[in-house]
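Chemist: The C-terminal position of the sequence shown is numbered 426 in the numbering used here, with every residue numbered one higher than the one before it. Where is the CB? At the ideal position from N, CA and C, for every residue including glycine. The structure displayed is predicted, hence computed values, not measured ones.
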Amino acid sequence: MIVIKSEREIKLMKEAGRVVGLVFKRLEESIKPGMSTLDIDAIVESTMLENDCIPAEKGYYGYPASACVSVNDTLIHGIPSSKIILKEGDLVSVDIVATYKGYNADACRTFKVGTVTGRAQRLLDVTKEAFFNALEFVKVGNHIGDISHEIQRTVESYGYNVVREFTGHGIGASMHEDPNIPNYGKPGSGALIQKGMALAIEPMVLEGKAAVRQLPDGWTIKSRDGKLTCHYENTVIVTDDGYEIITMYEGEEK
Ligand code: MF3
Ligand code: CO
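(1) What are the uninterrupted segments assigned as alpha helix (DSSP H) that are 4 or more residues long and contained completely in the segment 311–386, given in chain order?
(2) Quick one: does the C-beta of D245 sit closer than 7 Å to a heavy atom of the ligand CO?
(3) Measuring alpha carbon to alpha carbon, tell me which of L210, T299, V310 and G357 ends up nearest H403.
(4) Closer than 7 Å: is that where the CB of E374 sits relative to any heavy atom of the ligand CO?
(5) Identify the residues that DSSP records as bridge partners of T411: which are they?
(6) Once the 5 residues before and after I319 are set aside, which same chain residues still bring their CB inside 7 Å of it?
(7) From G261 to I251, what does the alpha carbon distance come to, in whole angstroms?
(8) Along the chain, which unbroken stretches of the beta strand (DSSP E) at least 3 residues long are found entirely within the segment 217–244?
(9) Opposite K394 in the DSSP bridges: which residues?
(10) If you draw a straight line from the C-alpha of N314 to the C-alpha of L387, how long is it?
(11) Note down, in chain order, each residue of its chain lying with its Cβ closer than 6 Å to the Cβ of G340, except the 5 sequence neighbours on either side.
(12) Hey, A382 and N333: beta-carbon distance below 8 Å or not?
(13) Nearest to G380 by CA position, among E422, T401 and I393, is which residue?
(14) Apart from the five residues on each side of it in sequence, which residues of its chain come closer than 6 Å, Cβ to Cβ, to E187?
(15) If I follow the unbroken beta strand (DSSP E) through D267, where does it start and stop?
(16) Quick check: S238 and E217, are their CB atoms within less than 8 Å of each other?
(17) Between which two residues does the alpha helix (DSSP H) harbouring T299 extend?
(18) With distances taken from CA atoms, which of N223, L210 and L258 is nearest C240?
This is the structure in structure tokens:
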């Protein structure tokens, strides 16, 4: 069931989204070689708590941390650890969900640790391009499949692949609501886009083959071929004349 959000609900989600943006701003300023992924988790958790938000991932189906922190060939759901130390040239994605007064905002950024290779930069650029291209299809009267198709089209046009096993999703009082938003699909398919829908759109991109594997920890998802991966996500609200992104901070680079 797709839940259309009221003005009041959108206001609460926007506050959660503002705090998500704040977290990313802090991370942009702090991520450096030598830090552990658990250090990142600590920044996420304290920033949310200091701003009256709850880190929604902690305890979600037993997930043990406040952020998913995924390095290089880890696509998603990397569990923060004091043993995973960032080094120059790494790509580290930080996927977070803040809850404010019962309402959620979900987003992910992939950060560069120091200077990265041209190969890594290209993957980053394409993943963001897929998101922003797809965003142009967030319009009342379009279909979810239009978003999905544009993500897939963009990613594959550069020779990369999208993951099949994980999708974007509706969001609101629950972290994951209908509809599912796959990163692949056909134009005109899926649910109709309506005003007041809240969508977490999240290209998850593999430099190599689309196949992934899960580690025995039950969470960590890596590329099977060990090649680089990238993830970019925002929560967006469908408005009369298009969309509003609620999880970017002011002045954030697109
Ligand atoms: N934030 C993720 C998403 O984009 C979900 C994380 S799963 C959790 O949907 F267990 F870590 F919460
Ligand atoms: Co999400």
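Modeler: Walking through what the data contain:
(1) 316–329
(2) Along the sequence shown, read from residue 1 onward, the residue named residue 245 stands at position 73. No, Cβ of D245 sits at least 7 Å from all heavy atoms of the ligand CO.
(3) Within the sequence shown, residue 403 is the residue found at index 231, counting from 1. If we check each option's Cα against that of H403, T299 comes out closest.
(4) Taking the sequence shown and counting its residues from 1, the one referred to as residue 374 is at position 202. Because some heavy atom of the ligand CO lies under 7 Å away, the Cβ of E374 counts as near it: yes.
(5) Position 239 of the sequence shown holds residue 411. Partner(s): G414.
(6) Counting from 1 along the sequence shown, the entry for residue 319 is found at position 147. Excluding sequence neighbours, I319 sits near A306, F309, V310, I353 and I373.
(7) Locating residue 261 in the sequence shown gives position 89, where the first residue counts as 1. Locating residue 251 in the sequence shown gives position 79, where the first residue counts as 1. Distance between the alpha carbons of G261 and I251 is about 20 Å.
(8) With a minimum length of 3 residues, the continuous beta strand (DSSP E) runs that stay inside the segment 217–244 are 240–243.
(9) Locating residue 394 in the sequence shown gives position 222, counting from the first residue. DSSP, once it has assigned bridges, lists T246 and R385 as partnering K394.
(10) Start at 1 with the first residue of the sequence shown, and residue 314 comes out as number 142. Start at 1 with the first residue of the sequence shown, and residue 387 comes out as number 215. Their Cα atoms are separated by approximately 38 Å.
(11) Start at 1 with the first residue of the sequence shown, and residue 340 comes out as number 168. Same-chain partners within the cutoff: I353, A372, I373 and E374.
(12) Taking the first residue of the sequence shown as position 1, residue 382 is located at position 210. Taking the first residue of the sequence shown as position 1, residue 333 is located at position 161. Yes.
(13) Taking the sequence shown and counting its residues from 1, the one referred to as residue 380 is at position 208. Checking every option, the nearest Cα to that of G380 belongs to T401.
(14) As a first step, residue 187 is located in the sequence shown; it is residue number 15 there, counting from the start. For E187, where only same-chain residues beyond five positions count, the Cβ hits under 6 Å are Y272.
(15) Counting from 1 along the sequence shown, the entry for residue 267 is found at position 95. Where D267 is concerned, the enclosing beta strand (DSSP E) stretches over L263 to Y272.
(16) Here the question's residue 238 lines up with position 66 in the sequence shown. Here the question's residue 217 lines up with position 45 in the sequence shown. Taking 8 Å as the Cβ cut-off, S238 and E217 qualify as a contacting pair.
(17) As a first step, residue 299 must be located in the sequence shown, where it is residue number 127. Per DSSP, the continuous alpha helix (DSSP H) segment holding T299 begins and ends at G290 to L307.
(18) Here residue 240 is taken as the residue at index 68 of the sequence shown, counted from 1. Here the closest residue by C-alpha is L210.
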